[in-house]
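In this text, residue positions in the sequence shown follow my numbering: the first is -1, and each later residue adds one.
As structure tokens, the structure follows; a few thoughts come after it.
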Amino acid sequence: MPVRPGQPAALLAGVDTLYNTYWVRFPRGETTFESAVAASATLITAAVEAGVRRIVHVSITHADPDSPYGYFRGKGLVEEHLRESGISYAVVRPAILSLDTWR
């Protein structure tokens, strides 16, 4: 479901902990690292508005808002927004995530 400003807070009512795994692996069309940062910021703001107590955010090693690489810069910007939100949070920074790699 697309994240739209004003909508997610109602969807998060009653949630204690939000596990945020959303991200864009490969940008295409309007789905970019920048749009992923904006959607994540909307989700974090909605969590604060809904009274969510904690966010567990899946990021990546070396996330940095000043990185020359869009993937790492975007992840760093989301972490920055999370820190500034005032909500209790944990950031998980795996080196890599994969699906069915070993089949």
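All residues carry an ideal CB built from backbone N, CA and C; glycine is no exception.
None of these values were measured; they are calculated from a predicted model.
Asked: Could you give the residue range of the alpha helix (DSSP H) that holds Ile42?; Found: 31 to 48
Asked: If you compare alpha carbons, which of Phe31, Ser33, Ala11, Ala39 is closest to Glu78?; Found: Ala39
Asked: Less than 8 Å between the CB atoms is what I'm expecting for Ala93 and Thr59, so what's the real figure, rounded?; Found: 5 Å
Asked: With a 10 Å radius around its C-beta and 16 neighbouring C-beta atoms as the bar for buried, classify Phe31 as buried or exposed.; Found: buried
Asked: Thinking C-alpha only, which one of Tyr17, Gln5, Ala7 is nearest Ser86?; Found: Tyr17
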